[in-house]
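Enquirer: Chains A and B, in that order, are what the protein sequence lines are. FYI, in the numbering used here the residues of the first sequence are 399 to 510. FYI, in the numbering used here the residues of the second sequence are 687 to 798. Cβ coordinates follow ideal geometry from the N, Cα and C atoms, glycine included.
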Amino acid sequence: ETGVTQSPTHLIKTRGQQVTLRCSSQSGHNTVSWYQQALGQGPQFIFQYYREEENGRGNFPPRFSGLQFPNYSSELNVNALELDDSALYLCASSLQGYSPLHFGNGTRLTVT
Amino acid sequence: QKEVEQNSGPLSVPEGAIASLNCTYSDRGSQSFFWYRQYSGKSPELIMSIYSNGDKEDGRFTAQLNKASQYVSLLIRDSQPSDSATYLCAVKDSSNTGKLIFGQGTTLQVKP
């Protein structure tokens, strides 16, 4: 049984650019959630997808968007990057209604 | 605004001692509580989950939950230098989205 995998591991972008981060869910899991972790802070919930529909969203602006595919993999898209978007982005998958969450290795995004 | 509070530390203990990490939360409807360990530059790793009042033991780790006081703690017995990490307390939001609310984490240093 494979765990959650994320790509890329590291990414450097320029302010104003757009970025796409990818996540492959653990086998059998139908729900994926994304978190942003700034340096020295705990992870913050961005949104969650269940059966290809967003079913929960944190306090993030619309330039943060996502997709979930029929195979339950997922993408996080961020438009118009800002310096404060520099963070570790974490993906976690689960079976809807069941805890707990196990995270992938994360993508470290640096915006310059 | 639902919150999870942790002392950021650092908490410094000698090798072999008991480390005690504490967390309080504001959402009275929460039913699921988790402790994650995060090494520097890595993603959070789930080490304990607890759902009922009382103690739950797993090896050197004991999680304690008091819902009336809205308090969760983690005890690490026989602390080892390899336990040096940031420990994140997470509470599942009662809104049924599966969202986890994290504290900012407590940094533990175990000195040989």
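1) Find the residues of chain A that neighbour L732 (chain B), judging by a C-beta separation of less than 9 angstroms, and give them in chain order.
2) What does DSSP give as the partner residues of D744 (chain B) in its beta bridges?
3) Are V886 (chain B) and Y711 (chain B) closer than 8 angstroms when you measure CB to CB?
4) Using the three-state DSSP reduction, which class does P406 (chain A) fall into: helix, strand or coil?
5) With contact counted as at least three CB pairs below 8 angstroms, one residue from each stretch, are the stretch 744-758 of chain B and the stretch 483-503 of chain A in contact?
6) Using a 10 Å radius around the Cβ and a threshold of 16 neighbouring Cβ atoms, would you call I410 (chain A) buried or exposed?
7) Tell me whether S463 (chain A) sits in a helix, a strand or coil according to DSSP, three-state version.
8) Quick check on this structure: which residue in B:L707, B:M734, B:F788 and B:A703 has the alpha carbon closest to the alpha carbon of P767 (chain B)?
9) Could you please tell me which residues of the stretch 729-754 of chain B, in chain order, have their CB closer than 7 angstroms to any CB of chain A?
10) I need the boundaries of the beta strand (DSSP E) containing R455 (chain A), first residue and last residue.
11) Specify, as a first and last residue, the run of the beta strand (DSSP E) that P700 (chain B) falls within.
12) Report the option in A:G502, A:G414, A:V509 and A:T510 whose CA atom is closest to the CA atom of W432 (chain A).
13) By Cβ distance below 8 angstroms, which residues in the same chain neighbour P498 (chain A) in space, the five residues on each side in sequence not counted?
Expert: In brief:
1) Residues of chain A passing the Cβ test: P498, L499, H500 and F501.
2) DSSP, once it has assigned bridges, lists B:F747 as partnering D744 (chain B).
3) Nothing in the structure corresponds to residue 886 (chain B), since chain B is present only between 687 and 798.
4) The three-state secondary structure of P406 (chain A), taken from DSSP, is coil.
5) By the Cβ test, the stretch 744-758 of chain B is not in contact with the stretch 483-503 of chain A, since fewer than three Cβ pairs between them sit closer than 8 angstroms.
6) With fewer than 16 other Cβ atoms inside 10 Å of its own Cβ, I410 (chain A) counts as exposed.
7) DSSP places S463 (chain A) within a strand segment (E or B) once states are collapsed to three.
8) When only C-alpha atoms are compared, the closest one is B:A703.
9) Listed by position along the chain: S729, P730, L732 and S735.
10) Counting along the chain, the unbroken beta strand (DSSP E) around R455 (chain A) starts and ends at E451 to R455.
11) Per DSSP, P700 (chain B) is one residue of the beta strand (DSSP E) stretching across L697 to P700.
12) Among A:G502, A:G414, A:V509 and A:T510, the Cα nearest to that of W432 (chain A) belongs to A:G502.
13) Taking C-beta separations shorter than 8 angstroms and ignoring five residues to either side along the sequence, the partners of P498 (chain A) in its chain run S492, following chain order.
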